[in-house]
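To start, the structure itself, in C-alpha cells.
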Amino acid sequence: MTIAATLPYLTLKALWLTGHGTGAADAAGGAVLLDTVHLVGDVVTAGLEVAAIALALALTCGWGRRVPAVLVLFPMWVGTGLLAPIAAGVPLGLAVQAVAGGSPAPAGNGLHGWVYGCVYGGFLVQAVGLFALFPGYVRGRWPGLLRDRAASVVPGPRWAVRVAGAVAVGYAGALTLWAATGSRFAGPAGFETLAQRTYLAAGAVLVVVGVLAVAAARRPSRVRYVAGWAGTAVIALSGPTGVALSSDHSPQPGYVAVCLVAMLAGLVLTVLALRALRRPDRPAGTARALPRTVTLGSPAGR
13 MTIAATLPYL
23 TLKALWLTGH
33 GTGAADAAGG
43 AVLLDTVHLV
53 GDVVTAGLEV
63 AAIALALALT
73 CGWGRRVPAV
83 LVLFPMWVGT
93 GLLAPIAAGV
103 PLGLAVQAVA
113 GGSPAPAGNG
123 LHGWVYGCVY
133 GGFLVQAVGL
143 FALFPGYVRG
153 RWPGLLRDRA
163 ASVVPGPRWA
173 VRVAGAVAVG
183 YAGALTLWAA
193 TGSRFAGPAG
203 FETLAQRTYL
213 AAGAVLVVVG
223 VLAVAAARRP
233 SRVRYVAGWA
243 GTAVIALSGP
253 TGVALSSDHS
263 PQPGYVAVCL
273 VAMLAGLVLT
283 VLALRALRRP
293 DRPAGTARAL
303 PRTVTLGSPA
313 GR
C-alpha cells in the first residue's frame with residue numbers, strides 16, 4: 013500500500029522532468045511546471061519518494077533489521093516530520109473548507125484540482141502506511157527499548173530544554189498567527205485558503221505536543237515517546253519545508269529567520285530526546301548501584 017501510494021506522484025514527476033506539462037490548467041501553469049527551479053525540486057522530491065519506497069521495504073523485510081539503525085531511523089524521522097503535518101492537517105483542513113465553502117487550493121495556482129488530490133492523497137496513504145509499520149519494526153529490533161525505560165524523558169541540562177522549548181513554542185505561536193492571518197506578519201506566501209491555514213494550525217499543535225513530550229518531568233510512556241518523536245521532527249523540518257515550498261520562491265526574510273531558528277530548536281530537542289533513549293537518567297553525582305550479589309572482591313566486581 014505504501015509503495016503503491018508513491019507511484020502517482022513519481023509518475024507526475026517523471027512527466028514533468030521529461031517536458032510534459034501534465035496537470036497544468038493553462039499555458040502559464042505549464043511554463044511554471046517546467047522552469048528550472050521546479051525541475052530541481054522535482055528531482056529532490058522524486059528522490060524522497062524513492063527513499064520512502066526503500067524505507068517501506070526496510071520496515072517489512074528481514075534485511076531491514078540487519079542494516080545500520082541510522083539508515084532506517086533517520087529517514088523515518090525525516091518522513092515523520094514531512095508527513096505528520098499533512099496527515100493531521102489535510103483531512104481537517106478539507107473538512108473545514110467543506111463547511112465554509114470554496115476551493116481548498118489557492119486561486120490562480122495554474123494546476124488542475126486533481127493534481128492536489130493525487131499528490132496529497134498519496135502522501136496521506138504513505139503516512140498511514142509508514143506510521144503503521146514503524147512500531148512493529150521497533151518492537152522487533154529493540155524489544156525492550158520502550159518497556160525498560162525508568163527515567164525522565166530528558167537526561168540533559170534542563171536549561172537547554174527550556175531554551176529550545178521556549179523557541180519552539182514561539183514558533184508554534186507564529187504558525188498560529190499565520191493560520192489566522194495568512195501571509196501577513198511575515199507569513200508564508202500563498203497560504204490563503206482555510207484548508208491551508210488549518211494545515212498551519214495543525215503544525216502548531218504538533219510542535220507544542222512535541223515540546224511537552226520532551227520537557228515532561230514525569231516517567232515516560234509510549235505515548236510520550238511517540239509524541240516526542242513526531243513533535244521534534246515537525247519542529248525541525250516544517251520550517252525548511254515551508255521555505256522550500258513558498259509561493260514564487262521568494263519567502264519573506266522574517267519567515268525564513270523564524271523557520272531556521274525553529275529548525276535549530278528542533279534539532280536540539282531531538283538530541284536531548286535521543287539521550288533519554290540511550291541511557292536512564294539518575295540524579296547528578298550518584299553512581300549506579302551494584303547488584304547485591306556482586307561484591308567488590310568478586311570477579312564480577314573488579
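Numbered by the numbering used here, the letters in the sequence shown go through residues 13 to 314 in order.
Every residue, glycine too, gets a C-beta built ideally from N, C-alpha and C.
Query                                                                                              : Result
Boundaries of the alpha helix (DSSP H) in which W241 is found, first to last residue               : R234 to A256
Of the residues P147, G35, G53 and A119, the one placed nearest W89, counting alpha carbons only   : P147
With 16 other Cβ atoms within 10 Å as the buried cut-off, status of P295                           : With a pLDDT of only 42 at P295, under the threshold of 50, the placement of this residue in the model should not be trusted, and no figure is reported.
Neighbourhood of A245 by C-beta, 6 Å cutoff - its chain only, sequence neighbours within 5 removed : W89, T92 and G93
Coarse secondary structure for L67, derived from DSSP in three states                              : helix
Cβ-Cβ distance between G215 and S250 below 8 Å                                                     : yes
Secondary structure of A119, DSSP reduced to three states                                          : coil
Any non-hydrogen atom of the ligand GDP closer than 7 Å to V226 Cβ                                 : Among the components of this structure there are no ligands whatsoever, and the ligand GDP is therefore not found.
Pairwise C-alpha distance: Q208 and G120                                                           : 15 Å
A107, DSSP secondary structure in three states                                                     : helix
The stretch 175-195 / the stretch 210-228 touching (three or more Cβ pairs under 8 Å)              : yes
M13 burial status per 10 Å Cβ neighbour count (16 or more: buried)                                 : exposed
Which listed residue (C271, W154, G266 and L286) has its alpha carbon closest to that of W241      : L286
Three CB pairs or more closer than 8 Å across the stretch 112-119 and the stretch 31-45            : no
Distance between beta carbons of A201 and P263, contact taken as under 8 Å                         : 6 Å
Segment limits, alpha helix (DSSP H) that includes L370                                            : A query on residue 370 cannot be resolved here, the shown segment of the chain reaching from 13 to 314 and no further.
Secondary structure of A36, DSSP reduced to three states                                           : strand
Close beta carbons around L24, own chain, < 8 Å, minus the five adjacent residues each side        : T34, G35, V127, C130 and V131
Exposed unless 16 or more other CB atoms sit within 10 angstroms - verdict on F86                  : exposed
For L19, the first and last residue of its enclosing alpha helix (DSSP H)                          : T14 to L29
Three-way DSSP call (helix, strand, coil) for G114 in this model                                   : coil
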